[in-house]
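A quick write-up on the structure given underneath.
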Amino acid sequence: MDYLPAIGIVVSTIFLISKILQICRILLWRPYALTKHFKKQGIVGPPCSILYGSLHEVKKLNMAARQTVLDANSHDITPRVLPHYHKWSSLYGETFLYWFGMQPRICISDPELAKQILSNKFGFYVKPSSRPSVQTLVGNKGLVLINGLDWVKHRRIINPAFSLDKLKGSRSSIFA
27 MDYLPAIGIV VSTIFLISKI LQICRILLWR PYALTKHFKK QGIVGPPCSI
77 LYGSLHEVKK LNMAARQTVL DANSHDITPR VLPHYHKWSS LYGETFLYWF
127 GMQPRICISD PELAKQILSN KFGFYVKPSS RPSVQTLVGN KGLVLINGLD
177 WVKHRRIINP AFSLDKLKGS RSSIFA
């Protein structure tokens, strides 16, 4: 009977160590491994911190962009709207990796590569989950928010409405 508290201590210690290792894997190993993997492929990006990723630099760049005045003769609004994208694309190229908190994001500027990724039928690109306020506004079963077989079914129903002949016929009401 004297060994029961010792067994409880051992079990709780093993449980605690496993949770600590799991947290270390998520916070330290995963970002390191993904960054190293993408660096082998030539995709680099700004340095990231453990919990916040690149958000500190994004915040700093947004604050600096608000202080600047846009040129009235220029239509280039990227330095004002997305200052982090403007800076990092000039530093790291048109494809770069940055961290939005603990979530890695790859920024792609090449239209052909973006088309290839978005039209892929293997399911590599999954639509991000939307806010509940957007779901109540659009509805849970809107074409923009659904995935998988529901999306295929809705798209098949809606597709004839956007044929070239129908769009040509409604051109006068669109441009009126």
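Going by the working numbering, 33 is the number at position 7 of the sequence shown; the sequence numbering is gapless. All C-beta atoms, glycine included, are put in the ideal place defined by N, C-alpha and C. These figures come from a predicted structure and were not determined experimentally.
Residue i (DSSP reduced to helix, strand or coil)
i, result
"residue 94", "coil"
"residue 99", "coil"
"residue 68", "coil"
"residue 1", "Given that the chain is displayed from residue 27 to residue 202, the structure contains no residue 1 and the question cannot be resolved."
"residue 58", "helix"
"residue 29", "coil"
"residue 201", "coil"
Test item: CB-CB of residue i and residue j under 8 angstroms
i, j, result
"residue 250", "residue 111", "There is simply no residue 250 to check, as the chain begins at 27 and stops at 202 in what is shown."
"residue 115", "residue 135", "yes"
"residue 96", "residue 106", "yes"
"residue 91", "residue 72", "no"
"residue 79", "residue 127", "yes"
"residue 130", "residue 123", "yes"
"residue 52", "residue 132", "no"
"residue 125", "residue 57", "yes"
"residue 87", "residue 113", "yes"
Sequence-distant residues of the same chain with beta carbon closer than 8 angstroms to residue i, five excluded per side
i, result
"residue 49", "none"
"residue 144", "151"
"residue 94", "105 and 106"
"residue 162", "none"
Per DSSP, cross-strand counterpart(s) of residue i
i, result
"residue 79", "75 and 126"
Cβ shell of residue i (< 7 angstroms), same chain only, five flanking positions each side left out
i, result
"residue 75", "82"
"residue 180", "169 and 172"
Q | Whole beta strand (DSSP E) elements within the region 120 to 199, 3-residue minimum | A | 121 to 126 and 129 to 134
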